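Here's the structure, in structure tokens; my notes come after.
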Amino acid sequence: MHCYGHENVIRAAAVEPNVNMRKLGKYLTEDLNKDNNILWTDSLAMIPGHGGERGKFDIVILGYVLQEVANQKSRLMIVQALWNRLKDGGVFIVVEPGSPKGFRYVHSLREWALAKPREEASIVGPCPHHGTCPMAKNPDVWCHFSQLTQ
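Numbering-wise, the sequence shown is residues 23 to 172 according to this note's numbering.
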């Protein structure tokens with residue numbers, strides 16, 4: 023897979039436990055995957071190179087996952103497992119719906135990241151500061167915004 027004309031080959035590992043969503047993902051990425059650079063699997067543990075530098079990624083995207091997980095402990099276990107697969111200097115992206123529940127999930131991960139040493143985690147969005155979120159204090163208020171994507 024090539025990204026916007028760059029000559030560097032991008033390899034991706036896509037983890038989707040639902041077989042029907044995995045089939046849809048494979049179908050949608052078929053044209054991008056002519057060189058078999060996208061590995062689709064149902065489990066993070068099934069990705070080759072588990073551990074060591076070959077098992078690490080430049081970017082980890084956690085998209086619409088947290089709302090599917092039953093409890094906070096399990097959510098944090100998933101996030102930690104993915105964080106452990108991130109290369110030093112890598113980017114960890116969390117996308118959740120712009121809803122009160124989605125905000126609470128993202129906020130809890132923000133607090134989790136802020137508890138790490140500063141050289142380990144920097145927040146760049148939605149708020150780039152490293153302070154306490156003023157909106158999180160009021161359960162009736164939640165942060166949300168629209169972001170166009172292509």
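Ideal Cβ placement from N, Cα and C applies to all residues, glycine included.
Since this is a predicted model, take the numbers as computed values, not measurements.
Rounded to the nearest angstrom, the gap between the Cα atoms of Lys56 and Gly111 is 29 angstroms. Cβ-Cβ separation between Leu84 and Ile115: approximately 7 angstroms, consistent with a contact (criterion under 8 angstroms). Nearest in C-alpha terms to Ile81, of all of Val113, Met43 and Ser96, is Val113. Shown here for Pro148: same chain residues with a beta carbon closer than 7 angstroms to its own, the five before and five after excluded, namely Cys165 and Phe167 in chain order. By DSSP's assignment, Trp62 forms a beta bridge with Ala36. Around the beta carbon of Tyr86, a 10 Å sphere encloses fewer than 16 other beta carbons of the protein chains shown; the residue is thus reported as exposed. Listed in chain order, the beta strand (DSSP E) elements of length 3 or more contained wholly in the region 98-147 are 108-117. In the DSSP annotation of this structure, the continuous segment of the alpha helix (DSSP H) that includes Val41 starts and ends at Val41 to Leu50. Collapsing the DSSP output to three states places Gly153 in coil. Sequence-distant partners of Leu88 (beyond 5 residues in either direction) whose C-beta falls short of 7 angstroms from its own C-beta, in its chain, are Arg97, Glu118 and Tyr127. Counting only the Cα atoms, Asn59 lies some 16 angstroms from Lys45. Arg33 and Glu142 have their C-alpha atoms roughly 24 angstroms apart.
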